[in-house]
Amino acid sequence: MDLELNLQPLALQGIEQKRPLVIAGPCSAETEEQVMNTAKQLADNGIKIFRAGVWKPRTKPGGFEGKGIEALPWMQRVKAETGMLTATEVATPEHVEAALNAGIDILWIGARTSANPFSVQAIADALKGVDVPVLIKNPVNPDIELWTGALLRINNAGITRLGAIHRGFSSVDSKLYRNPPMWHLPIELKRRFPALPVLTDPSHMGGRRDLIAPISQQAMDLGFDGLMIESHCNPDCAWSDAKQQVLPEVLDFILDRLVIRENVEATESINQLRKQIDELDNNLMDLLTKRMRVSREIAAYKKLHNMTVVQTTRYSEILDKRGAQGALCGMNPDFVKKVYEAIHSESVRQQIEIMNK
Ligand code: PEP
Ligand code: MN
0 MDLELNLQPL ALQGIEQKRP LVIAGPCSAE TEEQVMNTAK QLADNGIKIF RAGVWKPRTK
60 PGGFEGKGIE ALPWMQRVKA ETGMLTATEV ATPEHVEAAL NAGIDILWIG ARTSANPFSV
120 QAIADALKGV DVPVLIKNPV NPDIELWTGA LLRINNAGIT RLGAIHRGFS SVDSKLYRNP
180 PMWHLPIELK RRFPALPVLT DPSHMGGRRD LIAPISQQAM DLGFDGLMIE SHCNPDCAWS
240 DAKQQVLPEV LDFILDRLVI RENVEATESI NQLRKQIDEL DNNLMDLLTK RMRVSREIAA
300 YKKLHNMTVV QTTRYSEILD KRGAQGALCG MNPDFVKKVY EAIHSESVRQ QIEIMNK
């Protein structure tokens, strides 16, 4: 599959091209007063792009599903009276058409929609021949191919001002986060498409006000391009996502304290350290190769003596011993366990190959 995206810079009228690109506004457009009140406060604090959900995909029926087209004139008022650009979520071709007719400046595809290729394709078809910036949230499930596929579908429709929004992923056992970040996935997306702007949405990731600042700082430290943050004039009374929304003045406080480190060229000393890392990685590969070779010899022995491939006591012994050793060396025992699980699984694969020869 062709994994190229045809991208243009995410040029937005009147918006300076600097990190972080900030999009803020309430989860949902609830009433004209709530939208205008929030928007004016945000604009007074220098926010340039206003978000609000006009159509809300809710996990279960019965929640507030958005005001729909009734809310579009409120977005137009925001633009006319504050000069901010407006952004909203679209999930169907009808939403696309209504949003474009209302002059919404930026469209985004939500996490429940980007998980469905039929829906994404329907939106892509509705966008053919249109020049509008589109941001694609990661699908709810941690599947980078699905996220990539959604970007490709929208890009194939001719949308070149494209961006991604990382909002975290559903997880069965998350304690701290509403949607754990799994940072390796947006990092992989950046590796695949270095020119693709990736924004972080700490609101849906954390699900809690107090996590917005630390997640935003982490996103900036990892070099991501922008932030989409939910802000409401009366967060406690919000009709959706109340716990994760902050007052415009709190958002201002959070943004003010962010430390933005510039991505300067690697210096000589960092290059020296990287050489050391390369050298160590070479040694690691060498050791792994040797370990696999011994493992294959063991397989030959097991075959000869009619033994099973996996001896669980031996496997547990390795995991426990190395986990404890890792902890002594300042590593997280869970990390060491994961490394050994991966090594063991490759080792088993190679042994099975030998056993069946
Ligand atoms: C939202 O941005 O309000 C929203 C519904 O987010 P997500 O699609 O990330 O759940
Ligand atoms: Mn929300």
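Numbering that gives the first Met the number 0 puts the first residue of the sequence shown at 0, with every later residue one more than the last.
Glycine is no exception: its CB is placed at the ideal position from the N, C-alpha and C atoms.
Source: prediction; values computed, not measured.
Could you tell me which residues DSSP puts in a beta bridge with residue i?
{"i": "G162", "result": "L134"}
{"i": "F357", "result": "The requested residue 357 does not occur in the structure, where the chain is confined to residues 0 to 356."}
{"i": "I108", "result": "I135"}
{"i": "E229", "result": "G24"}
{"i": "T199", "result": "H165, L226"}
{"i": "V95", "result": "DSSP lists no partner for V95."}
{"i": "V245", "result": "S230"}
Cα separation between residue i and residue j?
{"i": "P247", "j": "W107", "result": "22 Å"}
{"i": "K39", "j": "S27", "result": "16 Å"}
{"i": "A299", "j": "T312", "result": "20 Å"}
{"i": "L184", "j": "Q350", "result": "31 Å"}
{"i": "A212", "j": "D224", "result": "16 Å"}
{"i": "R348", "j": "L2", "result": "29 Å"}
{"i": "H165", "j": "I48", "result": "18 Å"}
{"i": "A326", "j": "V335", "result": "8 Å"}
{"i": "E88", "j": "I269", "result": "42 Å"}
{"i": "K376", "j": "L99", "result": "Only positions 0 to 356 of the chain appear in the structure, and residue 376 is not among them; the question remains open."}
{"i": "D235", "j": "N282", "result": "55 Å"}
{"i": "E80", "j": "L41", "result": "12 Å"}
{"i": "E229", "j": "E296", "result": "58 Å"}
{"i": "G322", "j": "D333", "result": "7 Å"}
{"i": "D209", "j": "H231", "result": "15 Å"}
{"i": "H94", "j": "E345", "result": "48 Å"}
{"i": "A51", "j": "Q217", "result": "24 Å"}
{"i": "G45", "j": "A237", "result": "23 Å"}
{"i": "G67", "j": "P19", "result": "30 Å"}
{"i": "R177", "j": "E278", "result": "39 Å"}
{"i": "T288", "j": "K320", "result": "21 Å"}
{"i": "E15", "j": "P72", "result": "26 Å"}
{"i": "P201", "j": "P132", "result": "21 Å"}
{"i": "G222", "j": "G61", "result": "39 Å"}
{"i": "S215", "j": "V249", "result": "14 Å"}
{"i": "R292", "j": "G205", "result": "45 Å"}
{"i": "R256", "j": "V245", "result": "15 Å"}
{"i": "K189", "j": "A110", "result": "18 Å"}
{"i": "A101", "j": "E340", "result": "53 Å"}
{"i": "L286", "j": "H304", "result": "27 Å"}
Counting only the same chain and skipping the five closest in sequence on each side, list residues whose C-beta sits under 6 Å from that of residue i.
{"i": "K78", "result": "T85"}
{"i": "V53", "result": "A28, G65, A70, T87"}
{"i": "D251", "result": "N44"}
Report all residues from its chain with a CB closer than 7 Å to the CB of residue i; omit the five preceding and five following residues, and keep chain order.
{"i": "L6", "result": "T159, L161, A194, L195"}
{"i": "P179", "result": "G167, F168, S170, S173"}
{"i": "N155", "result": "A123"}
{"i": "N140", "result": "A114, F168, S169"}
{"i": "L9", "result": "P132, R160, G162, P196"}
{"i": "E31", "result": "W73"}
If you drop the 5 nearest sequence neighbours on each side, which residues of the same chain put their C-beta closer than 8 Å to that of residue i?
{"i": "V308", "result": "A298, K301, V347, Q350, I351, M354"}
{"i": "A149", "result": "I108, S113, P116, V119, I135, P138"}
{"i": "Y314", "result": "H343"}
{"i": "Q12", "result": "L84, D104"}
{"i": "Q362", "result": "As shown, the chain starts at 0 and ends at 356. That puts residue 362 outside it, with no answer to give."}
{"i": "G128", "result": "G157"}
_Using only Cβ atoms and a threshold of 5 Å, which residues come within that distance of a heavy atom of the ligand PEP? Order them by chain position._
C26, G52, G109, A110, K136, R166, H203
*Output the residue ranges of the alpha helix (DSSP H) runs that lie fully inside the region 271-350 and measure 4 residues or longer, sorted by chain position.*
311-327
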